[in-house]
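Enquirer:
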Amino acid sequence: MEPRPQSRNNSRSYLLAALLVLAALNILLLYFYYQERQDNKTKDATIAAKTEEVLSAKTKLDSISAQLDAKIAEIQQLGGSVDSLMKVKAQLEVDKRELRNVNSFDRKKYDQKIRNYQAILAQKDLEIARLKEENGVLSQQNESLSQENNSLKAEKQTLSDSVVAVASKNQELSEKVTIAAALRAENITVNAINSRGKESDGGSYKARRIDKVRISVRIAPNGLAKQEEKVLYMRVLDPSGAVVSDLATGSGEFTYNGEGMIYTAMQRFNFDNSRQQVDFIYGRGGQRFSQGRYSIEVYCEGFRIGEGEFTVK
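Numbering (my numbering), first residue to last: 426 to 738.
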């Protein structure tokens, strides 16, 4: 009868050891889970930053391309040679195509390329000025200005003042009409779509159940708006305020208030004044949506026409 207490003590020791092992395993699993979440957030931030840099470089190269075309046309008109500029133009197109490979993008390399192109443009400005002088363009302009008499100047000034006044009134009226004709989103809703294509609503969703989101924009009727094809730009901002974007899924840049802005997705539609709904279905290419509150902004024809939000738990 005496060995029984010893047996009970051994059982309790084994049970306590097993509980300690399970507790250690749980702590280890929690550590790995936290570490994975931090790695995913870092990767998302890196991808977003690199996409911003690529889009910025593309915008600058597009601007340089337009300036090159203008200088080629002007030099040809003045009788100068454009062989060197045509070679620069060809290289510029190669650089623009290489931007499509986001993974190999080197910011320092493209910054140097852009500086080189800008230096070439400045050099060609000097060449254009020289060609104009050789052709007598500048001397003819100076001679024409010196021959104007005071009465003609006064008459031109009066006419100019009248034209400016009329143009100012027309501009003011045009701006008022443009604002009145701007579209407006009645509401913006967000549904989550899981990997099997099933949708759920409510505005708050678990991260593991979101494969894509359907963002629906209901357009309010407006009798002053033209019934024609229009473009909606949609921006999704993550919990940190960064724009969710990816060139591979159709993201890009548009102009708002004179400045370039990154958009998440773009949708063309024919406005028919029927309170129609425009849907964006957006996925992150297999990446999970981070937890937190997401903001949505919708733009059309230079106006921000609506806002929305959803939450990922």
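No residue lacks a Cβ here, since even glycine has one placed at the ideal position from N, Cα and C.
What does DSSP give as the partner residue(s) for Ser641 in the beta ladder?
Expert: For this step, residue 641 is matched to residue 216 along the sequence shown. For Ser641, which the question treats as bridged, DSSP gives the partners Thr614 and Asp704.
Enquirer: On a Cα-Cα basis, can you pick out the residue from Leu672, Ile613, Arg609 and Val656 that is closest to Pro646?
Expert: As a first step, residue 646 must be located in the sequence shown, where it is residue number 221. Minimum Cα distance to Pro646 is reached at Arg609.
Enquirer: Ordered along the chain, which non-local residues of its own chain (more than five positions away) have a Cβ less than 8 Å from that of Ile635?
Expert: Here residue 635 corresponds to residue number 210 of the sequence shown, with the count starting at 1. The answer, listed in chain order, is Ala617, Ile618, Asn619, Arg713, Phe714 and Val737.
Enquirer: Just to confirm, is the Cβ distance from Thr476 to Glu678 under 7 Å?
Expert: Counting from 1 along the sequence shown, the entry for residue 476 is found at position 51. Counting from 1 along the sequence shown, the entry for residue 678 is found at position 253. No, the pair does not count as a contact, with Cβ atoms beyond the cut-off.
Enquirer: Would you decide whether Lys534 is buried or exposed? Buried here means 16 or more other CB atoms lie within 10 Å of its CB.
Expert: The count along the sequence shown starts at 1 and reaches residue 534 at position 109. Exposed, since its Cβ has fewer than 16 Cβ neighbours within 10 Å.
Enquirer: Got a sec, what are the start and stop residues for the alpha helix (DSSP H) Ser509 sits in?
Expert: As a working note, residue 509 is residue 84 in the sequence shown. Looking at the DSSP string, the run of the alpha helix (DSSP H) that includes Ser509 is Asp508 to Glu523.
Enquirer: Let me make sure I understand the geometry here. Which of Val527, Val513 and Leu556 has the alpha-carbon closest to that of Ile539?
Expert: Residue 539 sits at position 114 when you count from the first residue of the sequence shown. Ranking Val527, Val513 and Leu556 by Cα distance to Ile539 puts Val513 first.
Enquirer: Could you have a look at Asn560 and say whether DSSP puts it in helix, strand or coil?
Expert: Translated into the one-based positions of the sequence shown, residue 560 becomes position 135. It is coil, neither helix nor strand.
Enquirer: Beta-carbon within less than 6 Å of Asn682's beta-carbon, same chain only, minus the 5 sequence neighbours each way: which residues are those?
Expert: What you label residue 682 is simply residue 257 of the sequence shown in a count that begins at 1. Answer for Asn682: no residue qualifies.
Enquirer: From Glu726 to Ala650, what distance separates their C-alpha atoms?
Expert: Translated into positions along the sequence shown, residue 726 becomes position 301. Translated into positions along the sequence shown, residue 650 becomes position 225. The straight-line gap from Cα to Cα measures roughly 11 Å.
Enquirer: Would you list the residues sitting across from Thr680 in a DSSP beta bridge?
Expert: Locating residue 680 in the sequence shown gives position 255, where the first residue counts as 1. Answer is Gly685, bridged to Thr680.
Enquirer: Classify Arg693 as helix, strand or coil using the three-state DSSP reduction.
Expert: As a first step, residue 693 must be located in the sequence shown, where it is residue number 268. Arg693: strand per DSSP, three-state reduction.
Enquirer: Using a threshold of 7 Å, state whether the C-beta atoms of Gly710 and Val723 are closer than that.
Expert: On the sequence shown, position 285 is the one that residue 710 refers to. On the sequence shown, position 298 is the one that residue 723 refers to. Contact flag unset, no.
Enquirer: Measure how close the beta-carbons of Pro664 and Arg718 come, nearest whole angstrom, since I'm counting them as under 8 Å.
Expert: Residue 664 sits at position 239 when you count from the first residue of the sequence shown. Residue 718 sits at position 293 when you count from the first residue of the sequence shown. Yes, Pro664 and Arg718 are in contact; Cβ-Cβ is about 6 Å, under 8 Å.
Enquirer: How far does the beta strand (DSSP E) with Phe735 in it reach, from first residue to last?
Expert: One-based indexing of the sequence shown puts residue 735 at position 310. Looking at the DSSP string, the run of the beta strand (DSSP E) that includes Phe735 is Phe728 to Val737.
Enquirer: Ser699: which of Leu657, Arg643 and Met659 sits nearest, CA to CA?
Expert: Sequence index remark: in the sequence shown, residue 699 carries index 274 (1-based). The shortest Cα separation from Ser699 among Leu657, Arg643 and Met659 belongs to Arg643.
Enquirer: Mapping the DSSP letters down to three states, classify Lys581 as helix, strand or coil.
Expert: On the sequence shown, residue 581 is found 156 positions in, with the first residue counted as 1. Helix at Lys581.
Enquirer: Is the separation between the beta-carbon of Leu480 and that of Ile687 shorter than 7 Å?
Expert: Taking the first residue of the sequence shown as position 1, residue 480 is located at position 55. Taking the first residue of the sequence shown as position 1, residue 687 is located at position 262. Their beta carbons are under 7 Å apart, which means Leu480 touches Ile687 by this criterion.
Enquirer: Quick one: is Ser625 buried, meaning 16 or more other Cβ sit within 10 Å of its Cβ, or exposed?
Expert: Numbered from 1 along the sequence shown, position 200 holds the residue referred to as residue 625. When all chains shown are included, Ser625 counts as exposed.
Enquirer: Would you mind stating whether Val638 and Tyr707 have Cβ atoms separated by less than 7 Å?
Expert: Taking the sequence shown and counting its residues from 1, the one referred to as residue 638 is at position 213. Taking the sequence shown and counting its residues from 1, the one referred to as residue 707 is at position 282. Their beta carbons are under 7 Å apart, which means Val638 touches Tyr707 by this criterion.
Enquirer: Keeping to the same chain, check which residues put their C-beta closer than 6 Å to that of Gln701; ignore five residues upstream and five downstream.
Expert: Here the question's residue 701 lines up with position 276 in the sequence shown. These residues qualify, in order along the chain: Ile644.
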